[in-house]
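Below is one structure, written out as structure tokens; the observations come after it.
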Amino acid sequence: MLLAVTAMVFSDYPFTEKEITEKALNLTSRYFQDFAHPETFVLYGGRLSTKDKWKYKIEDIKAGKPDPWGYGSRIEDTGLHCGHMLGAFLDAYAARPDPEIAAYAKKMYSALKFIYECSPVPGLVPRGPHPDDKTALYTDSSMDQHTTYIISMAMYALSPLATAEEKSFIKKSLDETGKRLKKYDYSIKQPDGVTEAHVGFSWLGFNSSHAQILLPTVYALFKGTADDFWKKEYERLADEETGKRWEFLKPGEHITLNGHPIYANQNCFRGNAFYRMLGDPQKKEIIRGLLTQCAEMQMAREYPNDFFYKFSPAEKWEALAKECGWPGSRLVSAEQAAAMYKPEFLAIADWQVRAMAKLAHIRFPLGGYHMIVTSENEELIKKYLPVIWSLMNNVDLTKIDDGETNYIFSAIAWHLYSFYFLHK
Numbered sequence: 002m003l004l005a006v007t008a009m010v011f012s013d014y015p016f017t018e019k020e021i022t023e024k025a026l027n028l029t030s031r032y033f034q035d036f037a038h039p040e041t042f043v044l045y046g047g048r049l050s051t052k053d054k055w056k057y058k059i060e061d062i063k064a065g066k067p068d069p070w071g072y073g074s075r076i077e078d079t080g081l082h083c084g085h086m087l088g089a090f091l092d093a094y095a096a097r098p099d100p101e102i103a104a105y106a107k108k109m110y111s112a113l114k115f116i117y118e119c120s121p122v123p124g125l126v127p128r129g130p131h132p133d134d135k136t137a138l139y140t141d142s143s144m145d146q147h148t149t150y151i152i153s154m155a156m157y158a159l160s161p162l163a164t165a166e167e168k169s170f171i172k173k174s175l176d177e178t179g180k181r182l183k184k185y186d187y188s189i190k191q192p193d194g195v196t197e198a199h200v201g202f203s204w205l206g207f208n209s210s211h212a213q214i215l216l217p218t219v220y221a222l223f224k225g226t227a228d229d230f231w232k233k234e235y236e237r238l239a240d241e242e243t244g245k246r247w248e249f250l251k252p253g254e255h256i257t258l259n260g261h262p263i264y265a266n267q268n269c270f271r272g273n274a275f276y277r278m279l280g281d282p283q284k285k286e287i288i289r290g291l292l293t294q295c296a297e298m299q300m301a302r303e304y305p306n307d308f309f310y311k312f313s314p315a316e317k318w319e320a321l322a323k324e325c326g327w328p329g330s331r332l333v334s335a336e337q338a339a340a341m342y343k344p345e346f347l348a349i350a351d352w353q354v355r356a357m358a359k360l361a362h363i364r365f366p367l368g369g370y371h372m373i374v375t376s377e378n379e380e381l382i383k384k385y386l387p388v389i390w391s392l393m394n395n396v397d398l399t400k401i402d403d404g405e406t407n408y409i410f411s412a413i414a415w416h417l418y419s420f421y422f423l424h425k
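For the sequence shown, the numbering used here gives the first residue as 2, with consecutive numbering after it.
Below you can see the structure in the form of structure tokens.
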């Protein structure tokens, strides 16, 4: 009887064990070949074969151009990409230990360590560095770079892969990073200790958005350092105003997503790690509910929203809607965006409209899928397995030049791998 039930359950999967394993390995092999530095393993936002054509050169970066935070430089999100991939590898390894997955996780640890050690200031996680010069980086960093570094390294320290030496480095670097954040009221300052980073706002506000950043990060500082200082700091922040921050983590109408429809998935990484590190079953259930609500909200949001519409001229949005056959001026959901994807969108003649089509029909739903596979909600994940698998098999990533889309495809594959083997 058990065998019959097991067979029925596994027939619900749109892929076999062999197919999901090969998909994850093949996506990652190609991704690393194109976007990872061969020596440092740092993951970049553009193919390294094109780095001589990157718009901003080493001297530009050292001069803080095009701006101090380096958007468009291809090095602005190295820590984010490495940290999210490390989390995906650890998720997969926990479900089914494999030496190849372990080797990838070790590479991501090394890459994050390298990024941290390039910083001119202890405790500041920089953007970069440039693949040809480790002193060419941006010190106007962000909330995402810092939280991803802290959380991914804490997860690695808690894994069976971490050596005593690696744990020692993690403890030191996390303590430095955490205490620098705490010194500035959990905001991120540039090296002068005065100028706030572009995305360096304080996380101490009593609202859902700040609570979703602050509590997972400080808890990771405690778990990654095993230091009572951070345990007490987490408890202080969690208990402040009679536990108000935990109230903001409970699902409800007060929950909001990142206004940018492309980047809402970054928060699911923090929440998922928090869920996995927590021991209290009641608190875990709160976070699972939060992750589920956020994933469902992302899948149901329209595109472009009012915030994102302003980034492109109205005539380009009109051209996009016409080229891609939208039924109206906007897509009503991420589900609709994925369902309408066609491979020929990657060959649209107008390069701006082509880029917009990639965002609308690949990157936008992909972010929602990333949130779904990290939601810890078995039924929600099963519901979307067919459409996730379909998109993964219908997009030619050789025609996608940005590292972000490539890394998310690989990360999702490993989370699916984990889900499959955990439920086997």
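By construction, the Cβ of each residue, glycine as well, lies at the ideal position given by its N, Cα and C atoms.
Being a predicted model, the structure only gives us computed values, none of them experimental.
Item                                                                                                         : Value
8 Å contact criterion, which E236 and Y139 should meet: CB distance rounded                                  : That pair is no contact at about 34 Å.
The region 373 to 386 in contact with the region 320 to 328 per 3-pair CB rule at 8 Å                        : no
Backbone CA spacing between A350 and K233 [nearest angstrom]                                                 : 58 Å
For K251, the three-state DSSP class (helix, strand or coil)                                                 : coil
Inter-stretch contact at 8 Å, needing at least 3 Cβ pairs: the region 380 to 388 / the region 301 to 311     : no
Cα-Cα separation, P67 to S142                                                                                : 14 Å
Rounded C-alpha distance that separates V396 from C83                                                        : 22 Å
DSSP beta-bridge partners of A37                                                                             : L44
Rounded straight-line distance, which links the Cα of F275 to that of T218                                   : 8 Å
Assigned secondary structure, D351 (DSSP; H/G/I helix, E/B strand, else coil)                                : coil
Own chain partners of P39 with C-beta closer than 6 Å, once the 5 adjacent residues on each side are dropped : none
Inter-residue spacing [alpha-carbon to alpha-carbon] between V122 and W327                                   : 49 Å
For D134: DSSP bridge partner residues                                                                       : H131
C-alpha distance - T7 paired with P387, whole-angstrom precision                                             : With a pLDDT of 39 at T7, under the threshold of 50, the predicted position of this residue should be treated as unreliable, and no value is reported.
G326 CB to nearest heavy atom of the ligand SAH below 7 Å                                                    : Only the bare structure without any ligand can be found here, which leaves the ligand SAH out of the picture.
CB of L49 within 8 Å of CB of P130, strictly                                                                 : no
For G46, the nearest candidate out of K180, V200, G80 and G179 (CA to CA)                                    : G80
Integer-rounded CB distance, given that L347 should sit under 8 Å from K359                                  : 7 Å
8 Å Cβ cutoff met for G71 and R128                                                                           : yes
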